[in-house]
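Engineer:
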(Lines of atoms letter the chains of each structure in order from A; the text may use other names.)
(Lines give C-alpha, C1' and ligand atoms only; values in the text may rest on other atoms or scores of the structure.)
Protein backbone atom coordinates (compact mmCIF):
# COMPACT_ATOMS: atom_id res chain seq x y z
CA UNK A 1 0.00 0.00 0.00
CA UNK A 2 1.55 3.31 -1.02
CA UNK A 3 1.94 6.25 1.32
CA UNK A 4 -0.77 8.35 -0.32
CA UNK A 5 -3.35 5.56 0.08
CA UNK A 6 -2.31 4.95 3.70
CA UNK A 7 -2.66 8.65 4.47
CA UNK A 8 -6.08 8.75 2.82
CA UNK A 9 -7.30 5.76 4.80
CA UNK A 10 -5.96 7.22 8.05
CA UNK A 11 -7.68 10.51 7.35
CA UNK A 12 -10.93 8.66 6.68
CA UNK A 13 -10.68 6.75 9.94
CA UNK A 14 -10.00 9.94 11.90
CA UNK A 15 -12.95 11.65 10.22
CA UNK A 16 -15.23 8.74 11.16
CA UNK A 17 -13.96 8.79 14.74
CA UNK A 18 -14.51 12.53 14.92
CA UNK A 19 -18.06 12.18 13.58
CA UNK A 20 -18.81 9.43 16.08
CA UNK A 21 -17.43 11.55 18.88
CA UNK A 22 -19.62 14.44 17.77
CA UNK A 23 -22.73 12.24 17.77
CA UNK A 24 -21.72 10.81 21.14
CA UNK A 25 -21.24 14.28 22.57
CA UNK A 26 -24.66 15.32 21.33
CA UNK A 27 -26.44 12.14 22.41
CA UNK A 28 -28.73 12.40 25.43
CA UNK A 29 -29.71 9.66 27.82
CA UNK A 30 -33.04 10.29 29.52
CA UNK A 31 -34.44 8.47 32.53
CA UNK A 32 -38.11 7.45 32.35
CA UNK A 33 -39.82 6.35 35.56
CA UNK A 34 -43.16 4.60 35.93
CA UNK A 35 -44.97 2.44 38.46
CA UNK A 36 -46.23 -0.41 36.28
CA UNK A 37 -44.76 -3.91 35.83
CA UNK A 38 -42.64 -4.01 32.67
CA UNK A 39 -44.73 -6.86 31.23
CA UNK A 40 -48.04 -5.02 31.75
CA UNK A 41 -49.68 -3.41 28.73
CA UNK A 42 -48.61 0.04 29.89
CA UNK A 43 -45.11 -1.15 30.74
CA UNK A 44 -44.79 -2.57 27.24
CA UNK A 45 -46.06 0.64 25.65
CA UNK A 46 -43.63 2.77 27.67
CA UNK A 47 -40.76 0.59 26.42
CA UNK A 48 -42.19 0.85 22.88
CA UNK A 49 -41.96 4.64 23.19
CA UNK A 50 -38.38 4.47 24.46
CA UNK A 51 -37.37 2.20 21.58
CA UNK A 52 -39.12 4.43 19.05
CA UNK A 53 -37.30 7.51 20.36
CA UNK A 54 -33.95 5.82 19.72
CA UNK A 55 -35.13 4.80 16.25
CA UNK A 56 -36.56 8.18 15.27
CA UNK A 57 -33.62 10.21 16.60
CA UNK A 58 -30.96 7.90 15.23
CA UNK A 59 -29.72 7.29 18.75
CA UNK A 60 -29.26 10.97 19.60
CA UNK A 61 -31.82 10.59 22.39
CA UNK A 62 -31.88 7.35 24.39
CA UNK A 63 -34.44 6.64 27.09
CA UNK A 64 -33.65 4.26 29.94
CA UNK A 65 -36.84 2.91 31.51
CA UNK A 66 -37.26 2.29 35.27
CA UNK A 67 -40.52 0.39 36.00
CA UNK A 68 -42.17 -0.67 39.28
CA UNK A 69 -41.45 2.59 41.14
CA UNK A 70 -37.72 1.80 41.09
CA UNK A 71 -36.95 5.52 41.31
CA UNK A 72 -39.50 6.17 44.05
CA UNK A 73 -43.19 6.86 44.56
CA UNK A 74 -45.13 9.68 42.90
CA UNK A 75 -43.96 12.61 45.04
CA UNK A 76 -40.33 11.53 44.83
CA UNK A 77 -40.42 11.11 41.07
CA UNK A 78 -42.22 14.42 40.54
CA UNK A 79 -39.48 16.18 42.50
CA UNK A 80 -36.83 14.45 40.40
CA UNK A 81 -38.74 15.43 37.27
CA UNK A 82 -38.78 19.05 38.36
CA UNK A 83 -35.03 19.20 38.97
CA UNK A 84 -34.25 17.17 35.86
CA UNK A 85 -32.85 13.91 37.25
CA UNK A 86 -35.93 12.14 35.84
CA UNK A 87 -36.82 13.20 32.32
CA UNK A 88 -40.10 11.43 31.53
CA UNK A 89 -42.91 10.36 33.85
CA UNK A 90 -46.13 9.06 32.26
CA UNK A 91 -49.16 9.31 34.54
CA UNK A 92 -52.64 10.77 34.80
CA UNK A 93 -52.93 14.55 34.58
CA UNK A 94 -54.33 14.72 38.13
CA UNK A 95 -50.79 14.15 39.45
CA UNK A 96 -49.94 17.67 38.28
CA UNK A 97 -52.31 19.23 40.82
CA UNK A 98 -49.32 19.52 43.12
CA UNK A 99 -48.59 22.77 41.26
CA UNK A 100 -51.93 23.73 39.70
CA UNK A 101 -54.76 22.31 41.83
CA UNK A 102 -57.39 22.99 39.15
CA UNK A 103 -55.88 20.31 36.91
CA UNK A 104 -57.55 17.64 39.05
CA UNK A 105 -60.84 18.55 37.41
CA UNK A 106 -59.60 16.98 34.17
CA UNK A 107 -60.49 13.67 35.89
CA UNK A 108 -63.79 14.77 37.42
CA UNK A 109 -65.73 11.58 38.26
CA UNK A 110 -69.06 10.83 36.56
CA UNK A 111 -69.22 14.17 34.75
CA UNK A 112 -68.22 13.55 31.12
CA UNK A 113 -70.68 11.92 28.72
CA UNK A 114 -68.04 9.80 26.96
CA UNK A 115 -64.41 9.87 25.86
CA UNK A 116 -65.11 12.16 22.91
CA UNK A 117 -66.70 14.71 25.25
CA UNK A 118 -63.67 14.54 27.54
CA UNK A 119 -61.22 14.96 24.63
CA UNK A 120 -63.05 18.11 23.47
CA UNK A 121 -62.99 19.44 27.05
CA UNK A 122 -59.23 18.83 27.28
CA UNK A 123 -58.76 20.93 24.15
CA UNK A 124 -60.49 24.00 25.61
CA UNK A 125 -58.58 27.19 26.39
CA UNK A 126 -59.30 26.61 30.08
CA UNK A 127 -57.36 23.34 30.19
CA UNK A 128 -54.60 24.59 27.89
CA UNK A 129 -54.14 27.46 30.34
CA UNK A 130 -53.68 25.02 33.22
CA UNK A 131 -50.90 23.17 31.38
CA UNK A 132 -49.17 26.42 30.45
CA UNK A 133 -49.30 27.52 34.08
CA UNK A 134 -47.69 24.23 35.14
CA UNK A 135 -44.87 24.74 32.66
CA UNK A 136 -44.34 28.36 33.72
CA UNK A 137 -44.45 27.72 37.48
CA UNK A 138 -43.13 24.17 37.88
CA UNK A 139 -40.94 23.75 34.83
CA UNK A 140 -42.83 20.66 33.67
CA UNK A 141 -44.03 20.33 30.08
CA UNK A 142 -45.94 17.59 28.27
CA UNK A 143 -44.77 15.49 25.35
CA UNK A 144 -47.77 15.36 23.01
CA UNK A 145 -51.42 15.49 24.05
CA UNK A 146 -52.56 13.79 27.29
CA UNK A 147 -55.61 12.47 25.44
CA UNK A 148 -53.63 10.66 22.70
CA UNK A 149 -52.71 7.62 24.82
CA UNK A 150 -55.70 5.36 25.43
CA UNK A 151 -55.60 4.27 29.03
CA UNK A 152 -58.07 1.80 30.32
CA UNK A 153 -59.74 1.52 27.90
CA UNK A 154 -62.34 1.97 30.64
CA UNK A 155 -62.37 2.11 34.43
CA UNK A 156 -63.62 -0.54 36.81
CA UNK A 157 -63.84 -1.23 40.52
CA UNK A 158 -62.14 -4.44 41.61
CA UNK A 159 -63.73 -5.54 44.88
CA UNK A 160 -64.15 -8.47 47.24
CA UNK A 161 -67.79 -7.42 47.82
CA UNK A 162 -70.05 -7.29 44.74
CA UNK A 163 -72.62 -4.58 44.11
CA UNK A 164 -75.14 -3.82 41.37
CA UNK A 165 -76.12 -0.25 42.23
CA UNK A 166 -75.12 2.78 44.28
CA UNK A 167 -77.03 1.67 47.35
CA UNK A 168 -75.23 -1.68 47.50
CA UNK A 169 -71.85 0.06 47.09
CA UNK A 170 -72.33 2.06 50.31
CA UNK A 171 -69.61 1.57 52.91
CA UNK A 172 -67.07 0.02 50.55
CA UNK A 173 -63.55 0.64 51.87
CA UNK A 174 -61.97 2.00 48.72
CA UNK A 175 -58.28 2.50 48.04
CA UNK A 176 -57.63 5.91 46.54
CA UNK A 177 -54.58 7.63 45.12
CA UNK A 178 -53.69 11.02 46.67
CA UNK A 179 -56.37 13.10 44.95
CA UNK A 180 -58.64 15.30 47.06
CA UNK A 181 -61.32 15.64 44.37
CA UNK A 182 -61.57 11.89 43.74
CA UNK A 183 -61.57 11.16 47.47
CA UNK A 184 -64.30 13.73 48.15
CA UNK A 185 -66.37 12.45 45.22
CA UNK A 186 -66.28 8.83 46.40
CA UNK A 187 -67.09 9.86 49.95
CA UNK A 188 -70.07 11.72 48.52
CA UNK A 189 -71.04 8.51 46.77
CA UNK A 190 -70.87 6.61 50.08
CA UNK A 191 -67.48 4.87 50.05
CA UNK A 192 -64.93 4.88 52.89
CA UNK A 193 -61.80 6.24 51.23
CA UNK A 194 -58.30 5.20 52.26
CA UNK A 195 -55.19 6.55 50.53
CA UNK A 196 -52.59 3.91 49.66
CA UNK A 197 -49.76 3.50 47.16
CA UNK A 198 -50.61 1.54 44.03
CA UNK A 199 -48.05 -1.13 44.88
CA UNK A 200 -49.68 -1.65 48.31
CA UNK A 201 -53.15 -2.44 46.97
CA UNK A 202 -52.90 -6.23 46.60
CA UNK A 203 -51.65 -6.81 50.14
CA UNK A 204 -54.07 -4.26 51.60
CA UNK A 205 -57.06 -6.05 50.08
CA UNK A 206 -55.77 -9.47 51.15
CA UNK A 207 -55.32 -8.21 54.73
CA UNK A 208 -58.75 -6.58 54.84
CA UNK A 209 -57.45 -3.02 55.08
CA UNK A 210 -59.52 -2.07 52.04
CA UNK A 211 -62.22 -3.89 50.07
CA UNK A 212 -61.71 -2.44 46.63
CA UNK A 213 -59.66 -0.37 44.20
CA UNK A 214 -60.54 1.62 41.08
CA UNK A 215 -58.39 0.72 38.10
CA UNK A 216 -58.15 0.78 34.32
CA UNK A 217 -59.41 -2.66 33.26
CA UNK A 218 -56.14 -3.40 31.42
CA UNK A 219 -54.15 -3.24 34.66
CA UNK A 220 -56.31 -5.60 36.74
CA UNK A 221 -54.80 -8.84 35.47
CA UNK A 222 -51.13 -7.72 35.47
CA UNK A 223 -51.47 -6.54 39.07
CA UNK A 224 -53.33 -9.78 39.99
CA UNK A 225 -55.93 -7.81 41.95
CA UNK A 226 -58.60 -10.36 41.02
CA UNK A 227 -56.84 -12.97 43.18
CA UNK A 228 -57.93 -11.12 46.32
CA UNK A 229 -60.94 -9.27 44.89
CA UNK A 230 -62.82 -11.50 42.41
CA UNK A 231 -65.52 -9.01 41.39
CA UNK A 232 -64.73 -6.63 38.53
CA UNK A 233 -67.40 -3.97 38.02
CA UNK A 234 -67.31 -1.52 35.13
CA UNK A 235 -68.36 1.96 36.23
CA UNK A 236 -66.71 4.29 33.67
CA UNK A 237 -65.73 6.72 36.40
CA UNK A 238 -63.98 9.02 33.92
CA UNK A 239 -62.08 8.69 30.61
CA UNK A 240 -58.32 8.34 30.90
CA UNK A 241 -55.27 9.33 28.97
CA UNK A 242 -51.64 9.69 29.93
CA UNK A 243 -49.64 12.85 30.50
CA UNK A 244 -46.06 12.22 29.39
CA UNK A 245 -44.52 14.73 31.77
CA UNK A 246 -41.03 15.99 31.06
CA UNK A 247 -38.60 18.55 32.42
CA UNK A 248 -39.43 21.66 30.39
CA UNK A 249 -35.89 23.05 30.38
CA UNK A 250 -34.42 19.80 29.06
CA UNK A 251 -37.27 19.38 26.54
CA UNK A 252 -36.99 22.92 25.19
CA UNK A 253 -33.20 22.58 24.93
CA UNK A 254 -33.61 19.90 22.25
CA UNK A 255 -33.35 21.05 18.67
CA UNK A 256 -36.58 21.51 16.73
CA UNK A 257 -35.67 18.43 14.72
CA UNK A 258 -35.14 16.23 17.77
CA UNK A 259 -38.38 17.41 19.41
CA UNK A 260 -40.25 16.63 16.20
CA UNK A 261 -38.71 13.15 16.12
CA UNK A 262 -39.64 12.47 19.75
CA UNK A 263 -43.18 13.62 18.98
CA UNK A 264 -43.26 11.19 16.04
CA UNK A 265 -42.28 8.41 18.45
CA UNK A 266 -45.02 9.55 20.81
CA UNK A 267 -47.61 9.51 18.00
CA UNK A 268 -46.59 5.97 17.00
CA UNK A 269 -46.88 4.84 20.63
CA UNK A 270 -50.27 6.56 21.06
CA UNK A 271 -51.66 4.77 17.99
CA UNK A 272 -50.25 1.51 19.29
CA UNK A 273 -51.84 2.14 22.70
CA UNK A 274 -55.34 2.01 21.25
CA UNK A 275 -54.76 -1.32 19.50
CA UNK A 276 -52.88 -2.97 22.32
CA UNK A 277 -54.97 -1.67 25.21
CA UNK A 278 -58.28 -2.80 23.74
CA UNK A 279 -56.85 -6.19 22.75
CA UNK A 280 -55.20 -6.68 26.15
CA UNK A 281 -58.36 -5.73 28.01
CA UNK A 282 -60.44 -8.22 26.03
CA UNK A 283 -57.87 -11.00 26.43
CA UNK A 284 -57.41 -10.36 30.14
CA UNK A 285 -61.14 -10.28 30.72
CA UNK A 286 -61.60 -13.67 29.08
CA UNK A 287 -58.69 -15.09 31.07
CA UNK A 288 -60.12 -13.78 34.33
CA UNK A 289 -63.58 -15.12 33.56
CA UNK A 290 -61.99 -18.55 33.04
CA UNK A 291 -60.73 -18.24 36.63
CA UNK A 292 -64.28 -17.61 37.92
CA UNK A 293 -63.80 -13.86 38.21
CA UNK A 294 -67.15 -12.05 38.00
CA UNK A 295 -67.40 -9.19 35.49
CA UNK A 296 -70.49 -6.97 35.37
CA UNK A 297 -71.57 -3.73 33.72
CA UNK A 298 -74.30 -2.30 35.96
CA UNK A 299 -76.30 0.83 35.16
CA UNK A 300 -74.42 3.67 36.89
CA UNK A 301 -76.92 6.42 36.17
CA UNK A 302 -77.55 6.62 39.92
CA UNK A 303 -73.86 7.50 40.39
CA UNK A 304 -74.14 10.27 37.79
CA UNK A 305 -77.31 11.59 39.39
CA UNK A 306 -75.78 11.61 42.89
CA UNK A 307 -72.73 13.48 41.61
CA UNK A 308 -74.85 16.32 40.18
CA UNK A 309 -75.46 17.60 43.71
CA UNK A 310 -71.74 17.27 44.46
CA UNK A 311 -70.75 19.61 41.62
CA UNK A 312 -73.66 21.95 42.30
CA UNK A 313 -72.58 22.33 45.92
CA UNK A 314 -68.98 22.98 44.87
CA UNK A 315 -70.10 25.63 42.41
CA UNK A 316 -72.26 27.37 45.03
CA UNK A 317 -69.31 27.41 47.45
CA UNK A 318 -66.98 28.82 44.79
CA UNK A 319 -64.83 25.68 44.88
CA UNK A 320 -64.89 25.00 41.13
CA UNK A 321 -62.44 26.68 38.73
CA UNK A 322 -63.93 29.73 37.09
CA UNK A 323 -65.50 28.72 33.79
CA UNK A 324 -65.17 24.98 34.49
CA UNK A 325 -68.80 23.93 34.14
CA UNK A 326 -69.18 26.25 31.15
CA UNK A 327 -66.25 24.47 29.48
CA UNK A 328 -67.82 21.08 30.27
CA UNK A 329 -71.17 22.18 28.80
CA UNK A 330 -69.70 23.86 25.72
CA UNK A 331 -67.66 20.77 24.84
CA UNK A 332 -70.70 18.48 24.84
CA UNK A 333 -71.87 17.19 21.47
CA UNK A 334 -74.90 19.06 20.14
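In this note's numbering, the protein residues as written are 1 to 334. Glycine included, each C-beta is placed from N, C-alpha and C at the ideal position.
#1: Have a look at the DSSP bridge pairing and note the partners of residue 64.
#2: Quick one: what's residue 141 bridged to in DSSP?
#3: Taking C-alpha atoms, which residue in 41, 91, 233 and 50 lies nearest to residue 280?
#4: Can you name the residues that DSSP bridges to residue 214?
#5: Please name the residue in 27, 98 and 312 whose C-alpha comes closest to that of residue 82.
#6: Just confirm the distance between the C-beta atoms of residue 238 and residue 121, as a whole number of angstroms; I'd bet it's less than 8 angstroms.
#7: Per DSSP, what are the beta-bridge partners of residue 41 in this structure?
#8: May I ask you to verify whether the region 227 to 235 touches the region 154 to 169, counting CB pairs closer than 8 angstroms and requiring at least 3?
#9: Less than 9 angstroms between the C-beta atoms of residue 262 and residue 143, yes or no?
#10: Following the continuous beta strand (DSSP E) through residue 226, name the residue where it begins and the one where it ends.
#11: Can you look up residue 57 in the DSSP assignment and give me helix, strand or coil?
#12: Could you check if residue 155 is buried or exposed, using at least 16 other CB atoms within 10 Å of its CB as the buried criterion?
#13: Among the residues of its own chain, which have a CB less than 6 angstroms from the CB of residue 251, if the five just before and after it don't count?
#14: Relative to the C-alpha of residue 323, which residue among 126, 145 and 285 is closest?
Structural biologist: Quick look at the numbers:
#1: 31
#2: 246
#3: 41
#4: 157
#5: 98
#6: With 8 angstroms as the limit, residue 238 and residue 121 do not qualify as a contact, their Cβ atoms being about 11 angstroms apart.
#7: Paired residue(s): none; residue 41 is not in a bridge.
#8: yes
#9: yes
#10: Here residue 226 belongs to no beta strand (DSSP E), and DSSP marks it neither H nor E.
#11: helix
#12: buried
#13: 141
#14: 126
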